[in-house]
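A short worksheet on the structure shown next.
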């Protein structure tokens, strides 16, 4: 068996504003990202229509995580332009961040907190009613495990 050289990450785009209904979920034009003298992305053009799913696959070092980080505004492109639901990646970073979640190789969860506590904390950060957490956990079948520490 050959070991896998691919990595996993998940990027979700949500909470479209009424004005963005006709905008693609993601639109990139000439996106280039260079680290020092090493290019990670070179002139990437991409359009992902709303409601579509895009699989980004390739060997380690191919630029998958860099691409997702640029879309999530964790990294800025060295060159090029892009938008998420019509919001510019460079000029409207806060609006993009309200609508994008990137789950990469490492979680951004606090391991000493429970899943429920992590979700409530996230709700406070994004101005979401924390009371919705218990209902959401019940809907996805995780209510019984909600109090378990993430480290466990």
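Residue numbers (our numbering): 564 to 715.
We put the beta carbon where it would ideally sit given N, CA and C, even for glycine.
If you're wondering where the values come from, they're calculated on a predicted model, not measured in any experiment.
* With distances taken from CA atoms, which of 712, 648 and 711 is nearest residue 615? -> It is 648.
Worksheet item: In terms of residue numbering, what span does the beta strand (DSSP E) encompassing residue 690 cover?
Response: For residue 690, there is no enclosing beta strand (DSSP E), since its DSSP letter is neither H nor E.
- Query: Are the beta-carbon atoms of residue 558 and residue 596 separated by less than 8 Å?
  - Reply: The structure shown does not extend to residue 558, since the chain spans only 564 to 715, so no value can be given for it.
Note to self: Which residue marks the beginning of the beta strand (DSSP E) containing residue 663, and which one marks its end?
What the structure shows: It spans 663–666 - the beta strand (DSSP E) in which residue 663 sits, taken as one unbroken run.
What's the C-alpha gap between residue 565 and residue 617?
Its pLDDT being 37, under 50, residue 565 is placed unreliably by the model, and nothing is read from it.
task: Out of 690, 670, 692 and 696, state which residue places its alpha-carbon closest to the alpha-carbon of residue 680.
output: When only C-alpha atoms are compared, the closest one is 696.
Notebook entry, point to check: In terms of alpha-carbon separation, which member of 715, 634, 672 and 674 lies closest to residue 592?
Noted result: Checking every option, the nearest Cα to that of residue 592 belongs to 634.
message: Which residue wins for smallest C-alpha separation from residue 673, given the options 659, 667, 665 and 685?
response: For residue 673, the nearest C-alpha among the options comes from 685.
Have a look at 688, 676 and 622 and flag the residue whose alpha-carbon is nearest the alpha-carbon of residue 709. Checking every option, the nearest Cα to that of residue 709 belongs to 676.
| task | If I'm right that residue 638 touches residue 632 with Cβ under 8 Å, what's the distance once you round it to whole angstroms? | result | Confirmed, about 4 Å.
Contacting residues, own chain, Cβ-Cβ under 7 Å from residue 683 (five flanking each side not counted) = Correct list, in chain order: 693 and 696.
Report task. Take the Cβ of residue 603 as the centre, count every other Cβ of all protein chains shown within 10 Å, and call the residue buried at 16 or more, exposed below. Result -> With a threshold of 16 other beta carbon atoms within 10 Å, residue 603 meets it and is buried.
- [ ] Could you say which of 712, 678, 690 and 691 lies nearest to residue 703 if we only look at CA atoms?
- [x] Checking every option, the nearest Cα to that of residue 703 belongs to 678.
*For residue 609, which of helix, strand or coil comes out of DSSP?*
Per DSSP, reduced to three states, the secondary structure at residue 609 is strand.
Are the CB atoms of residue 613 and residue 590 within a distance shorter than 8 Å? Against a cut-off of 8 Å, the Cβ pair of residue 613 and residue 590 comes out as no contact.
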